[in-house]
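**Student:** Counted from 1, the sequence shown has number 167 at position 20 by my numbering; the numbering is strictly sequential.
Here a beta-carbon is modelled for each residue, glycine too, at the ideal position from N, C-alpha and C.
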Amino acid sequence: MAPNCTCNWRSISVALKGREDRAAPFYEAGDYDRGIHMLVGEENHRGLHKVASWLSALVHYLFLDDPRTQRVVAEPRADNVKMIGYMQSQCFHCEKEFDFPHKHAALMVLGRERIFDRSRLA
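Laid out in structure tokens, this is it:
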């Protein structure tokens, strides 16, 4: 199954089913968890106000796309304090840190109940 992917010259976001995501071996991935990977290339599409808009829309879509999805996960570099802070502002929490071969990562998790209990989009 192909991942959901949106690309343009400004940014890339990819959403994978949890067990297909490269973070799956590092946590108990549910059958319908979704993993997201994001790259924002242009400076004018960065910052809390921009990230709050596109990140909240992306995760809201993922929970609505498949009602069985219980968690959305991401694994930014553990020292990427700015992105981790942005994610925490959208109700993600850091479940743990772990090592990929290419980076030390923070496992950021957003549970379905948190987005619908606390998100401004719900």
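Return helix, strand or coil for Asn155, following the three-state DSSP convention.
**Tutor:** Bear in mind that the predicted position of Asn155 carries a pLDDT of just 43, short of 50, making it unreliable; the figure below should be weighed with that in mind. Of the three classes helix, strand and coil, the one that applies to Asn155 here is coil, per DSSP.
**Student:** Mapping DSSP to helix, strand and coil, what is Phe173?
**Tutor:** Phe173: helix per DSSP, three-state reduction.
**Student:** Report, in whole angstroms, the separation of the C-beta atoms of Val220 and Asp178, which I expect to be a contact under 8 Å.
**Tutor:** About 13 Å; that fails the 8 Å criterion.
**Student:** Using C-beta distances below 7 Å, list every residue in its chain close to Arg193, excluding the 5 sequence neighbours before and after it, in chain order.
**Tutor:** Answer for Arg193: Val187, listed in chain order.
**Student:** Just grab the DSSP bridge partners of Glu244 for me.
**Tutor:** Ala253.
**Student:** What is the residue span of the beta strand (DSSP E) that Ala221 lies within?
**Tutor:** From DSSP, the beta strand (DSSP E) with Ala221 extends over Arg218 to Ala221.
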